[in-house]
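Protein chains in written order, with the numbering used here: chain A, 6 to 336; chain B, 6 to 336.
Notes follow once the structure below has been shown.
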């Protein structure tokens, strides 16, 4: 019998097919491969092909020259522009404002061929530091309400350049998905006076069927009501609403946890394309007792997604308990 | 300068790129073609390959035999099962219920090669009648809260059989997307004491930049804050919350309007894959002053959609005013 399951945070219902569960080998495999060969604007020596860097970790060499370990640059074709006023206004029944914001790329490594999961723990930790540094910098711009940190890995997941990179979009509004999570988490908090994410961590830790991996600082799990097969969340054990408030010990452990998670996904699903996104509280909010920052990873396994757009309704062919077991048993 | 636009119904913000607008020819064209050749369970003579029909329009021949113009059958691999109790229950912090519901297919035509846009007005009208008949039948089942009517056209949009068909999923809950529309429309109604859809129709009718097509009964338009390029809505002019309450005159006109809309999309975008969904009020609700049934059509033009899942955030490269002009000028 299929199950209708409710996400404890947002209240969204999804159908989980328990009858004909799809295992990793049931999906069409399309491993992400790096071809190389073309001139890559993200490779060392081509620094002039990107806008001037906003941040770089480098060993003493000059800005916008080789010798860096990580660079952050403005997106050459930004979805939003950093200049100008918001100028919120109406148009009859409608509302609009100027597309003010920021759109940046993190070039994670000078190595054209190393995907994030193949990078060293130290490199991944530096990426996390860069996420934090850029977020704190943009927080000083009062027009910005939210910083979205994300990664599209592989063309099928929306990456347009194959050299491994992550992205940041700073927005003058809070994105819907995060707002829904905050609203749902607040309702839970008002009812129980506890954080719903903390309660999930407690329920799904050691021995739980949906647990993938755990350390003293993090829990990696398949959510109870995932929209997509092998959707995976990484949650810090200690309650914290803002990613950018993470300290050295947390980011260091997260680097290991993220690397292990991605390597397990690579192994079980044969190096799939994926989307990764960090959900944290909005920039202007004080620390929140009811919201809990976390990372969501969605492997790109199913082709069609149009129906879901029209309905907001998801049918997931893989129960999270089975997905978690595959990932738990990997490596 | 890009624009951030707010959907008047749901309050969702989207980025509209006005600088580098993508025209129809800028998208990768992948026309949906019908191959034929295989044994098709939806073709006349193969009626035994589907579960027994729930409804058919036929000229006097026996059930589950050839001679039909349209058939509705249960889905052979249903996402939900019609038998059993909901049995709502908890699992610690989580909630679930049995996957009780219905999943049906409408075989729109005996002609294996005729897509919906190529069918006659009369055939399309019969499909609309079948939608209505099945909805009214399922409404009698008190476990069902919502009937979702939709169509996936083309493999890229999720169709698994090429013989033109539509689908129905009856649910024991109201899908999120519809709930959000109802919530947003209610807020508008509480503030203005008018239906937001009726106000949109008034603003975007004759001479409007987003108008695609209009009759005395319907307005076809590009929404002000579309998530996707060439997203198109069909709205009845006379306020009505429930699709299934549409009368003969409305469905007859809708058949013409839907056919003309799909033919325009076919022409401008070269027979693209698309998703079509009917949004109406939930089965158990009395007629609502604030909600207005309508059809949403989303051509499948862009490849990546993963980022949007993680964030709920959409960047649309085609302003709706330009999309509408292409569709308005077609044919």
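No residue lacks a Cβ here, since even glycine has one placed at the ideal position from N, Cα and C.
Just to check my reading of the structure: residue 105 of chain A and residue 85 of chain A have Cβ atoms closer than 8 Å, yes? What is that Cβ distance to the nearest angstrom? 6 Å
For the region 329–336 of chain A against the region 253–273 of chain A, do three or more pairs of beta-carbon atoms, one drawn from each stretch, fall closer than 8 Å, so that the two count as touching? yes
Identity of the residues DSSP links to residue 156 of chain A by a beta bridge: A/281
Output the residue ranges of the beta strand (DSSP E) runs that lie fully inside the region 119–200 of chain A and measure 3 residues or longer, sorted by chain position. 151–158, 170–176
Chain-ordered residues of the region 97–116 of chain B with a beta carbon less than 7 Å from chain A: If the cut-off is 7 Å between Cβ atoms, the region 97–116 of chain B has 97, 98, 99, 100, 101, 102, 103, 104 near chain A.
Contact check, residue 224 of chain B vs residue 295 of chain B, beta carbons under 7 Å: no
Beta-carbon gap between residue 169 of chain A and residue 120 of chain A smaller than 7 Å: yes
Distance between residue 55 of chain B and residue 166 of chain B (C-alpha atoms, nearest Å): If I take the Cα positions, the gap works out to 13 Å.
Pick out whichever of B/18, B/16, B/32 has its Cα sitting closest to the Cα of residue 235 of chain B. For residue 235 of chain B, the closest C-alpha among the options B/18, B/16, B/32 is that of B/32.
Terminal residues of the continuous beta strand (DSSP E) containing residue 327 of chain A? Taken as a continuous stretch (DSSP letters only), residue 327 of chain A belongs to no beta strand (DSSP E), being part of the alpha helix (DSSP H) at 325–334.
Using CA atoms only, rank isn't needed, just tell me which of A/23, A/280, A/275 is closest to residue 102 of chain B. A/23
In terms of alpha-carbon separation, which member of A/9, A/13, A/6 lies closest to residue 196 of chain A? A/13
Residue span of the alpha helix (DSSP H) that contains residue 288 of chain B, given as start and end: That residue, residue 288 of chain B, is in no alpha helix (DSSP H); it is neither H nor E in DSSP.
Sort out for me which residues DSSP pairs residue 95 of chain B with in a bridge. B/100
In angstroms, rounded to a whole number, what distance separates the CA positions of residue 321 of chain B and residue 313 of chain A? 18 Å
Run through DSSP, which three-state label would residue 228 of chain B get? Coil.
Contacts of residue 11 of chain A in chain B (Cβ-Cβ under 9 Å): 99, 100, 101, 102, 178
In chain A, what lies closer than 7 Å to residue 133 of chain B by C-beta? Within chain A, no residue comes near residue 133 of chain B; the closest Cβ sits about 17 Å away, beyond 7 Å.
CB contact check: residue 208 of chain A to chain B, cutoff 7 Å: yes
I believe residue 108 of chain B touches residue 21 of chain B by the beta-carbon criterion, under 8 Å. Please report the beta-carbon distance rounded to the nearest angstrom. In fact, because the Cβ distance is near 36 Å, the residues do not count as touching under 8 Å.
Chain B within 7 Å of residue 26 of chain A, Cβ atoms only: no
Counting only runs that start and end within the region 13–82 of chain A, where is the alpha helix (DSSP H) found for 4 or more residues in a row? none
In the DSSP assignment, find the unbroken alpha helix (DSSP H) run with residue 266 of chain A in it and report its ends. 253–274
Chain B contact residues for residue 229 of chain A, given Cβ-Cβ distances below 7 Å: 99
Residue 341 of chain A: contacting residues in chain B (beta-carbon distance under 8 Å): Given a span of 6 to 336 for chain A in the structure shown, any question on residue 341 of chain A remains unanswerable.
Tell me which same chain residues have a C-beta within less than 7 Å of the C-beta of residue 338 of chain B, skipping the five on either side of it? Examination of residue 338 of chain B is not possible in this model, given that chain B is present from 6 through 336 alone.
Are any of the Cβ atoms in chain A nearer than 7 Å to that of residue 153 of chain B? yes
Taking Cβ-Cβ distances shorter than 7 Å, what residues in chain B pair up with residue 204 of chain A? 98
Name, in chain order, the residues that DSSP records as bridge partners for residue 11 of chain A. A/18, B/100
Answer with yes or no whether the minimum CB distance from residue 195 of chain A to chain C is below 7 Å. The chain labelled as chain C is not found among the protein chains of the depicted structure, namely A and B.
Tell me the residue span of the beta strand (DSSP E) that contains residue 117 of chain B. Counting along the chain, residue 117 of chain B falls outside any beta strand (DSSP E), and DSSP gives it neither H nor E.
What residues match up with residue 238 of chain A in a beta bridge as DSSP calls it? A/226, A/301
Would you call the CB atoms of residue 405 of chain B and residue 316 of chain B closer than 7 Å? It is not possible to answer for residue 405 of chain B, since the shown part of chain B is limited to 6 through 336.
What residues in the region 291–304 of chain A have a beta carbon less than 7 Å from any beta carbon of chain B? Taking 7 Å as the Cβ-Cβ cut-off against chain B, the residues of the region 291–304 of chain A that qualify are 301, 303.
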